[in-house]
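Down below is the structure, laid out as structure tokens.
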Amino acid sequence: MNLKSNLVLLVLLISGSACQSQTKSTVIKEEVSLSIKGEKVAVWEGKDVFHYTLDNGTMQVELTNFGGIISRIITPDRSGKLENVVLALENVPDYFTKNGPYLGAAVGRYANRIGKASFPLDGETFHITKNNGENTLHGGAKGFGVKVWKSETYKKDAAIGVKMTYLSVDGEEGFPGNLETTLWMELTNANELKLRFESTTDKKTVVNLTNHSYFNLSGITGDVRDHELQIFADAITPAGPGQIPTGKLKEVAGTPFDFQTTKNLGAQLDALGEGFDHNYVTKRENSSELKKIAIVTHPESGRVMEVFSTAPGVQLYTSNHMKDFAGADGKFYQPHWALCLEPEAWPDSPNKPAFPSTSLAPGEKYVHEIVYKFGVVK
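This is the structure we're talking about:
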């Protein structure tokens, strides 16, 4: 490494450690066109909130330490036109009070649903916050997506990113144990947005973390019915009342749920007769394998997104309930204007002993990796 590279790395390290106290915009650049811009934009509940922009010279990712939210992903189409491909709010402070749909948020302690807002663990029943009828959704009334995370910038292995940490205290939303979570969010030179969650606890608990971005590869010009989707899963976990899994698995072959080969999303929506909000089985048991779980293509723009995850499932949600929702750039989002692919554990696993376990004990480490890789087809 030459002197210039050493100086660049030193600037990155200094800027990263100082980021929490800075009040002015800082730009960090490297010879390979990687840059990070961090700017304090607000204070929420007594904590500094930053807006970050990651740029690799081809695409940009905007995110914030409020809720670990991905606020924009700006990527080129086949002609090089740059457009945002995730539903967003106009600015970071809007997320404090207007983000009911969890746009772009890091969700936890438990992504998706836990039935009857309770679960058994080592002979004790824990009652957690009801915020979805009789059930718990995405961690309760004030989950990880509305918390201010400590954050610092970093650079490694031809990537730039933001490291965020959050301590969920024992009893928060009813969950046991002090759960300490670190989230790395980084952009690589290969147009990959990589997320890595790591959690440890001092008391046995349950944990299931993911990102809840709403994707529309058209640049959000309308609904996603013209998108093509492939999900590498041969089964779903069918749900009953309240979207709580029955505990069974259902093979998707020959049904509208079948995306084992590439399908037009609009045609599958028509065949189903309703929107998708279903967990797909990408693994039958927990493992550390980073597996390709889905490919999304927008034929008109040429944009393609591949999704990888170490989790055993992925929730497909087609933004069914949005109606005239005021988003960024003066747009009003409507039903099916986006699709979410939320890699995660299976819903209600703490109440389903046959499902892959989501329990975490002291001395163990929860790890979940997600990769969104962007490209174009000609």
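For the sequence shown, the numbering used here assigns the number 12 to the initial residue and increments by one for each residue that follows. Ideal Cβ positions, reconstructed from N, Cα and C, are used throughout, including at glycine.
Considering only the beta carbon of each residue, do Ala322 and Tyr291 sit closer than 8 Å? Not closer than 8 Å, so no.
Three-state secondary structure (DSSP) at Lys127? When secondary structure is reduced to three states using DSSP, Lys127 falls in the helix class.
Any contact between the segment 236 to 243 and the segment 307 to 324? By contact I mean 3 or more CB pairs, one from each, below 8 Å. Cβ pair count under 8 Å is three or more, so yes.
So Leu45 packs on Ile231, CB below 8 Å; how close in whole Å? The Cβ separation is near 26 Å, so there is no contact.
From the DSSP output, in three-state form, read off Ser229 for me. Ser229 falls in the coil class under three-state DSSP.
Taking contact to mean 3 or more Cβ pairs, one atom from each stretch, closer than 8 Å, check whether the segment 97 to 108 and the segment 128 to 140 are in contact. Short answer: they don't touch.
Using three-state DSSP, classify Pro87 as helix, strand or coil. Look at Pro87 here: in three-state DSSP terms it is strand.
Beta carbon of Lys215 nearer than 8 Å to that of Gly188: Lys215 places its beta carbon less than 8 Å from that of Gly188.
For Phe343, collect the residues of the same chain with a Cβ closer than 8 Å to its Cβ; drop the 5 residues on either side in sequence, then sort them by chain order. Only Asp335, Phe336 and Ala337 meet the Cβ criterion.
Exposure label - Gln254; buried when at least 16 CB within 10 Å: Buried is the call here.
Give me the Cα-Cα distance between Gly265 and Leu283, rounded to the nearest whole angstrom. Taking the CA atoms as reference points, Gly265 sits about 12 Å from Leu283.
Determine the closest residue to Thr248 out of Val325, Val173, Gly49 and Ala201, with distance taken between C-alpha atoms. The alpha carbon of Thr248 has as its nearest neighbour, out of Val325, Val173, Gly49 and Ala201, the alpha carbon of Val325.
Would you report the Cα separation of Thr221 and Pro346, rounded to the nearest angstrom? Rounded to the nearest whole angstrom, the CA to CA distance from Thr221 to Pro346 is 22 Å.
Reduced DSSP category for Leu276 - H, G, I as helix; E, B as strand; rest coil: Three-state DSSP puts Leu276 in a helix.
What is the rounded straight-line gap between the Cα of Phe226 and the Cα of Cys351? The C-alpha of Phe226 lies about 6 Å from the C-alpha of Cys351.
Count the other CB atoms within 10 Å of the CB of Asn123; is the residue buried (16 or more) or exposed (fewer)? By the 10 Å Cβ count, Asn123 comes out buried.
Could you give the DSSP three-state label for Val157: helix, strand or coil? The three-state secondary structure of Val157, taken from DSSP, is helix.
Report the start-end ranges of each beta strand (DSSP E) in the segment 157 to 191 that is 3 residues or longer and not cut off at the edges. Those beta strand (DSSP E) runs which fall completely within the segment 157 to 191 and span 3+ residues are 161 to 167 and 170 to 179.
Less than 8 Å between the beta carbons of Thr193 and Lys166, yes or no? Contact flag unset, no.
Whose CA, out of Tyr121, Gly91, Ile80 and Asn76, lies closest to the CA of Lys389? Comparing Cα positions, the closest option is Gly91.
Rounded C-alpha distance that separates Glu203 from Glu73: Going from the Cα of Glu203 to the Cα of Glu73 covers about 14 Å.
Whole-angstrom distance between Lys141 and Gly151, CA atom to CA atom: Near 6 Å, if we compare the C-alpha coordinates of Lys141 and Gly151.
Output the distance between the C-alpha atoms of Gly386 and Arg314, rounded to the nearest integer angstrom. Gly386 and Arg314: Cα-Cα distance of roughly 6 Å.
Nearest to His149 by alpha carbon, out of Val218, Glu317 and Ser82? That would be Val218, whose Cα lies nearest to the Cα of His149.
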